[in-house]
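Numbering-wise, this note's numbering puts 67 at position 37 of the sequence shown, and it's gapless, one number per residue.
Below is one structure; the comments refer to it alone.
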Amino acid sequence: MILTADLDGERADQALARLVDGLTRSAAQRLLEEGRVTSNGRILKKNERLQAGQTLEVTIPEPEPLTLAPEDIPLDIVYEDDDLLVINKPKGLVVHPAAGHWSGTLVNALLYHCRDSLSGINGTLRPGIVHRIDKDTSGLLIVAKSDFAHQALAAQLQDHSLSRTYVCLVVGGVKADSGTIDAPIGRHPTDRKKMAVISSGKHAVTHFQVLERFSGYTFLECRLETGRTHQIRVHMAYRNHPIVGDMVYGRGKPELGQDSQCLHARALTFRHPRTGEVMTLTCPLPDYLEALLAKLRARS
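This is the structure in C-alpha coordinates:
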(Lines of atoms letter the chains of each structure in order from A and count residues from 1; the text may use other names and numbers.)
(Lines give C-alpha, C1' and ligand atoms only; values in the text may rest on other atoms or scores of the structure.)
Protein backbone atom coordinates (compact mmCIF):
# COMPACT_ATOMS: atom_id res chain seq x y z
CA MET A 1 0.00 0.00 0.00
CA ILE A 2 1.17 3.55 -0.75
CA LEU A 3 1.06 6.28 1.87
CA THR A 4 -1.30 9.09 0.88
CA ALA A 5 -0.55 12.80 1.29
CA ASP A 6 -2.80 13.20 4.31
CA LEU A 7 -0.60 10.71 6.21
CA ASP A 8 2.66 12.52 5.53
CA GLY A 9 4.64 12.83 8.77
CA GLU A 10 2.43 10.37 10.68
CA ARG A 11 3.91 7.79 13.02
CA ALA A 12 4.00 4.30 11.50
CA ASP A 13 1.54 2.84 14.03
CA GLN A 14 -0.97 5.66 13.54
CA ALA A 15 -0.71 5.53 9.74
CA LEU A 16 -1.09 1.75 9.66
CA ALA A 17 -4.21 1.87 11.84
CA ARG A 18 -5.76 4.38 9.44
CA LEU A 19 -4.74 2.49 6.30
CA VAL A 20 -5.88 -1.00 7.29
CA ASP A 21 -9.63 -1.27 7.78
CA GLY A 22 -10.54 -2.68 11.19
CA LEU A 23 -7.04 -2.42 12.64
CA THR A 24 -6.66 -0.65 16.00
CA ARG A 25 -3.55 1.30 16.91
CA SER A 26 -2.58 -1.30 19.53
CA ALA A 27 -2.90 -4.07 16.93
CA ALA A 28 -0.84 -1.99 14.48
CA GLN A 29 1.84 -1.58 17.13
CA ARG A 30 1.98 -5.34 17.65
CA LEU A 31 2.46 -5.91 13.90
CA LEU A 32 5.29 -3.37 13.85
CA GLU A 33 6.93 -4.82 16.97
CA GLU A 34 6.81 -8.28 15.39
CA GLY A 35 8.59 -6.98 12.28
CA ARG A 36 5.59 -7.57 10.02
CA VAL A 37 5.61 -4.08 8.45
CA THR A 38 8.36 -3.13 5.99
CA SER A 39 9.15 -0.41 3.48
CA ASN A 40 11.43 -1.39 0.60
CA GLY A 41 12.52 -4.42 2.59
CA ARG A 42 13.34 -2.44 5.75
CA ILE A 43 11.45 -3.23 8.96
CA LEU A 44 9.70 -0.14 10.29
CA LYS A 45 9.65 1.01 13.91
CA LYS A 46 6.29 1.93 15.43
CA ASN A 47 7.32 5.53 16.22
CA GLU A 48 9.01 6.14 12.86
CA ARG A 49 7.65 9.09 10.88
CA LEU A 50 6.51 8.22 7.36
CA GLN A 51 6.44 10.19 4.13
CA ALA A 52 3.75 10.57 1.48
CA GLY A 53 4.32 8.15 -1.40
CA GLN A 54 6.17 5.67 0.77
CA THR A 55 5.25 2.02 0.07
CA LEU A 56 4.36 -0.25 2.99
CA GLU A 57 4.25 -4.03 2.93
CA VAL A 58 2.18 -5.58 5.73
CA THR A 59 2.02 -9.27 6.68
CA ILE A 60 -1.02 -9.98 8.81
CA PRO A 61 -0.77 -13.39 10.53
CA GLU A 62 -3.55 -15.94 10.41
CA PRO A 63 -5.82 -15.78 13.48
CA GLU A 64 -4.63 -18.05 16.28
CA PRO A 65 -6.98 -20.86 17.22
CA LEU A 66 -8.93 -20.01 20.35
CA THR A 67 -7.99 -22.44 23.09
CA LEU A 68 -9.52 -20.71 26.10
CA ALA A 69 -12.35 -22.60 27.77
CA PRO A 70 -15.72 -20.96 28.41
CA GLU A 71 -16.50 -21.06 32.14
CA ASP A 72 -19.84 -20.60 33.87
CA ILE A 73 -18.74 -17.75 36.13
CA PRO A 74 -21.53 -15.42 37.33
CA LEU A 75 -21.47 -11.95 35.80
CA ASP A 76 -23.02 -8.78 37.20
CA ILE A 77 -24.26 -7.27 33.94
CA VAL A 78 -25.23 -3.59 34.22
CA TYR A 79 -26.16 -3.19 30.53
CA GLU A 80 -26.24 -5.39 27.44
CA ASP A 81 -27.38 -5.18 23.82
CA ASP A 82 -26.23 -6.65 20.48
CA ASP A 83 -23.14 -4.42 20.33
CA LEU A 84 -21.74 -4.33 23.84
CA LEU A 85 -22.17 -5.15 27.47
CA VAL A 86 -21.02 -3.41 30.65
CA ILE A 87 -19.90 -5.55 33.56
CA ASN A 88 -19.62 -4.64 37.25
CA LYS A 89 -16.43 -6.59 37.95
CA PRO A 90 -15.82 -7.77 41.52
CA LYS A 91 -12.42 -7.27 43.09
CA GLY A 92 -10.21 -10.34 42.79
CA LEU A 93 -11.35 -11.24 39.28
CA VAL A 94 -8.59 -11.12 36.65
CA VAL A 95 -9.77 -9.54 33.38
CA HIS A 96 -7.96 -11.70 30.82
CA PRO A 97 -5.74 -14.80 30.84
CA ALA A 98 -2.00 -14.41 31.33
CA ALA A 99 0.82 -16.30 33.00
CA GLY A 100 -0.50 -17.69 36.26
CA HIS A 101 -4.14 -17.00 35.37
CA TRP A 102 -5.15 -19.18 32.41
CA SER A 103 -8.64 -19.86 33.78
CA GLY A 104 -11.20 -18.26 36.07
CA THR A 105 -10.91 -14.87 34.34
CA LEU A 106 -13.52 -12.43 33.09
CA VAL A 107 -12.72 -13.53 29.52
CA ASN A 108 -13.52 -17.15 30.40
CA ALA A 109 -16.86 -15.97 31.80
CA LEU A 110 -17.55 -13.85 28.69
CA LEU A 111 -16.84 -16.77 26.36
CA TYR A 112 -19.52 -18.75 28.21
CA HIS A 113 -22.05 -15.90 28.28
CA CYS A 114 -21.51 -14.45 24.78
CA ARG A 115 -20.43 -17.60 22.91
CA ASP A 116 -19.16 -16.39 19.53
CA SER A 117 -20.33 -12.79 19.96
CA LEU A 118 -17.14 -11.03 21.04
CA SER A 119 -14.82 -8.75 19.07
CA GLY A 120 -11.57 -10.31 17.92
CA ILE A 121 -9.45 -7.20 17.49
CA ASN A 122 -7.43 -7.75 20.66
CA GLY A 123 -6.51 -11.33 19.78
CA THR A 124 -7.46 -14.69 21.19
CA LEU A 125 -6.56 -13.99 24.81
CA ARG A 126 -8.53 -10.74 25.13
CA PRO A 127 -11.68 -11.11 23.01
CA GLY A 128 -14.08 -8.24 23.58
CA ILE A 129 -11.82 -6.40 26.01
CA VAL A 130 -11.81 -2.68 25.18
CA HIS A 131 -10.08 -1.51 28.38
CA ARG A 132 -8.95 -3.14 31.59
CA ILE A 133 -9.09 -2.59 35.33
CA ASP A 134 -6.77 -4.22 37.83
CA LYS A 135 -7.52 -7.57 39.45
CA ASP A 136 -8.14 -5.92 42.83
CA THR A 137 -10.10 -2.98 41.44
CA SER A 138 -13.87 -3.42 41.28
CA GLY A 139 -16.39 -1.70 39.04
CA LEU A 140 -17.49 -1.01 35.49
CA LEU A 141 -15.85 -2.41 32.38
CA ILE A 142 -17.05 -2.20 28.75
CA VAL A 143 -16.95 -5.32 26.56
CA ALA A 144 -17.39 -5.15 22.76
CA LYS A 145 -19.39 -7.86 21.01
CA SER A 146 -18.22 -6.90 17.51
CA ASP A 147 -15.20 -5.37 15.81
CA PHE A 148 -17.42 -2.45 14.77
CA ALA A 149 -18.29 -1.66 18.39
CA HIS A 150 -14.70 -2.23 19.51
CA GLN A 151 -13.29 0.24 16.98
CA ALA A 152 -15.82 2.92 17.93
CA LEU A 153 -15.23 2.51 21.67
CA ALA A 154 -11.43 2.40 21.24
CA ALA A 155 -11.64 5.68 19.31
CA GLN A 156 -13.50 7.24 22.24
CA LEU A 157 -10.79 6.08 24.60
CA GLN A 158 -8.22 7.61 22.28
CA ASP A 159 -9.91 11.03 22.09
CA HIS A 160 -10.89 10.95 25.80
CA SER A 161 -14.61 11.26 25.10
CA LEU A 162 -15.18 8.00 27.01
CA SER A 163 -15.29 9.18 30.61
CA ARG A 164 -14.31 6.89 33.51
CA THR A 165 -15.02 7.91 37.10
CA TYR A 166 -13.60 6.10 40.11
CA VAL A 167 -13.91 6.42 43.86
CA CYS A 168 -11.11 5.54 46.26
CA LEU A 169 -10.16 5.75 49.91
CA VAL A 170 -6.67 7.17 50.39
CA VAL A 171 -4.28 7.52 53.30
CA GLY A 172 -3.98 10.96 54.89
CA GLY A 173 -5.92 14.19 54.69
CA VAL A 174 -6.03 15.61 51.17
CA LYS A 175 -5.82 19.38 51.71
CA ALA A 176 -7.52 20.68 48.55
CA ASP A 177 -11.23 20.00 47.98
CA SER A 178 -10.48 19.31 44.32
CA GLY A 179 -7.55 19.37 41.95
CA THR A 180 -5.66 17.85 39.03
CA ILE A 181 -2.59 15.65 39.01
CA ASP A 182 -0.70 16.12 35.75
CA ALA A 183 2.39 13.91 35.94
CA PRO A 184 3.84 11.55 33.30
CA ILE A 185 3.76 7.81 34.02
CA GLY A 186 6.14 5.16 32.71
CA ARG A 187 7.74 1.88 33.69
CA HIS A 188 9.55 2.07 37.02
CA PRO A 189 13.31 2.48 36.36
CA THR A 190 14.36 -0.39 38.68
CA ASP A 191 11.23 -2.49 39.26
CA ARG A 192 9.78 -3.47 35.87
CA LYS A 193 6.60 -4.80 37.47
CA LYS A 194 5.65 -1.33 38.69
CA MET A 195 4.82 2.01 37.13
CA ALA A 196 6.08 5.37 38.36
CA VAL A 197 5.95 9.10 37.74
CA ILE A 198 9.03 9.72 35.59
CA SER A 199 10.01 12.55 33.25
CA SER A 200 10.22 10.19 30.25
CA GLY A 201 6.78 8.71 30.91
CA LYS A 202 3.57 9.19 28.96
CA HIS A 203 1.25 12.13 29.55
CA ALA A 204 -1.12 11.27 32.42
CA VAL A 205 -3.86 13.41 33.99
CA THR A 206 -6.16 12.58 36.90
CA HIS A 207 -8.82 14.96 38.23
CA PHE A 208 -9.96 14.46 41.84
CA GLN A 209 -12.61 15.78 44.21
CA VAL A 210 -13.01 15.15 47.93
CA LEU A 211 -16.25 13.34 48.78
CA GLU A 212 -15.73 12.79 52.50
CA ARG A 213 -13.03 13.36 55.11
CA PHE A 214 -12.09 11.13 58.05
CA SER A 215 -9.39 11.13 60.67
CA GLY A 216 -6.28 10.06 58.77
CA TYR A 217 -8.11 9.18 55.54
CA THR A 218 -9.94 10.84 52.61
CA PHE A 219 -12.64 9.46 50.31
CA LEU A 220 -12.15 10.77 46.76
CA GLU A 221 -13.79 10.77 43.37
CA CYS A 222 -11.24 10.53 40.54
CA ARG A 223 -11.87 11.10 36.84
CA LEU A 224 -9.37 9.83 34.31
CA GLU A 225 -8.45 12.14 31.47
CA THR A 226 -5.88 9.62 30.25
CA GLY A 227 -5.72 5.87 30.85
CA ARG A 228 -2.21 4.83 31.84
CA THR A 229 -1.51 1.55 33.61
CA HIS A 230 -2.20 1.88 37.37
CA GLN A 231 -2.76 5.61 36.83
CA ILE A 232 -4.83 6.52 39.89
CA ARG A 233 -2.75 4.28 42.16
CA VAL A 234 0.51 5.81 40.92
CA HIS A 235 -0.74 9.40 41.00
CA MET A 236 -2.15 9.15 44.52
CA ALA A 237 1.03 7.51 45.82
CA TYR A 238 3.03 10.27 44.08
CA ARG A 239 1.03 12.82 46.10
CA ASN A 240 1.78 10.84 49.30
CA HIS A 241 -1.83 9.69 49.56
CA PRO A 242 -1.64 6.01 48.52
CA ILE A 243 -4.86 4.06 48.18
CA VAL A 244 -5.83 2.12 51.28
CA GLY A 245 -4.90 -1.54 50.85
CA ASP A 246 -2.63 -0.99 47.84
CA MET A 247 0.19 -3.42 48.61
CA VAL A 248 2.30 -2.30 45.62
CA TYR A 249 2.22 1.50 45.77
CA GLY A 250 1.03 1.92 49.36
CA ARG A 251 2.59 1.24 52.74
CA GLY A 252 3.25 -2.43 52.01
CA LYS A 253 1.01 -3.66 54.81
CA PRO A 254 -2.75 -4.00 55.34
CA GLU A 255 -4.47 -0.70 56.14
CA LEU A 256 -7.65 -0.69 58.25
CA GLY A 257 -7.73 -4.45 57.84
CA GLN A 258 -7.85 -4.16 54.04
CA ASP A 259 -5.45 -6.38 52.10
CA SER A 260 -6.67 -5.20 48.69
CA GLN A 261 -6.97 -1.71 47.29
CA CYS A 262 -10.02 0.44 47.96
CA LEU A 263 -10.52 1.55 44.36
CA HIS A 264 -13.83 1.22 42.52
CA ALA A 265 -14.82 2.18 38.94
CA ARG A 266 -18.20 3.72 39.70
CA ALA A 267 -19.33 5.37 36.45
CA LEU A 268 -18.84 5.29 32.67
CA THR A 269 -20.04 7.80 30.08
CA PHE A 270 -19.72 7.02 26.36
CA ARG A 271 -21.48 7.34 23.01
CA HIS A 272 -23.20 4.17 21.92
CA PRO A 273 -21.23 2.95 18.87
CA ARG A 274 -24.35 2.33 16.76
CA THR A 275 -26.93 4.87 17.90
CA GLY A 276 -24.64 7.71 18.96
CA GLU A 277 -26.67 8.08 22.16
CA VAL A 278 -24.66 9.36 25.13
CA MET A 279 -24.94 6.75 27.87
CA THR A 280 -24.00 7.11 31.53
CA LEU A 281 -23.92 3.94 33.59
CA THR A 282 -23.23 3.66 37.30
CA CYS A 283 -22.95 0.92 39.90
CA PRO A 284 -23.15 0.95 43.70
CA LEU A 285 -20.16 0.76 45.99
CA PRO A 286 -19.10 -2.81 46.80
CA ASP A 287 -20.03 -4.14 50.24
CA TYR A 288 -16.45 -4.15 51.54
CA LEU A 289 -16.03 -0.44 50.78
CA GLU A 290 -19.43 0.50 52.22
CA ALA A 291 -18.52 -1.36 55.42
CA LEU A 292 -15.14 0.36 55.64
CA LEU A 293 -16.68 3.83 55.18
CA ALA A 294 -19.28 3.05 57.85
CA LYS A 295 -16.46 2.00 60.21
CA LEU A 296 -14.62 5.30 59.62
CA ARG A 297 -17.79 7.36 60.10
CA ALA A 298 -18.53 5.61 63.37
CA ARG A 299 -15.12 6.42 64.84
CA SER A 300 -14.94 10.02 63.60
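All residues carry an ideal CB built from backbone N, CA and C; glycine is no exception.
Can you check DSSP and say which residues form a bridge with residue i?
i	result
GLN288	GLU285
THR250	For clarity, residue 250 is Leu in the given sequence; the question names Thr instead. In DSSP, LEU250 forms a bridge with CYS198, VAL240.
LEU311	LEU298
SER69	ARG72
Just curious, the beta strand (DSSP E) that residue i is in, first and last residue?
i	result
ASN118	114-119
SER168	168-174
ARG301	293-301
ASP212	208-212
ALA226	225-227
Let me confirm a value: residue i is counted as buried when at least 16 other C-beta atoms fall within 10 Å, else exposed. Which label applies?
i	result
LEU33	buried
ILE90	exposed
PRO127	buried
ARG194	buried
MET385	No answer is possible for residue 385: it lies beyond the span of the chain, which begins at 31 and ends at 330.
VAL125	buried
GLN291	buried
GLN288	buried
PRO157	buried
ASN270	exposed
Out of the options, which one is the CA nearest neighbour of residue i?
i	options	result
GLN44	HIS161, ALA185, TYR109, PRO120	ALA185
HIS294	HIS260, GLN188, LYS283, ALA213	HIS260
ASN70	GLU78, LEU86, LEU61	LEU86
HIS131	LYS165, GLU110, ASN152, PRO157	LYS165
THR256	ALA213, ARG41, SER290	ALA213
SER149	HIS161, VAL125, HIS180	HIS180
PRO303	ALA82, LEU49, ASP112, LEU80	ASP112
TYR247	ARG258, HIS237, GLY231, GLU285	GLU285
ARG327	GLY280, GLU242, ASP189, LEU254	GLU242
How would you write the range of the alpha helix (DSSP H) that residue i sits in, first residue to last?
i	result
HIS143	136-144
SER56	55-63
ALA184	177-188
LEU326	317-329
TYR268	261-268
ALA35	Neither: ALA35 is in no alpha helix (DSSP H) and is coded neither H nor E.
ALA42	42-49
* To do: Would you mind listing the beta strand (DSSP E) stretches within the stretch 75-114 that are 3+ residues and don't spill past its ends, in chain order?
  => 107-110
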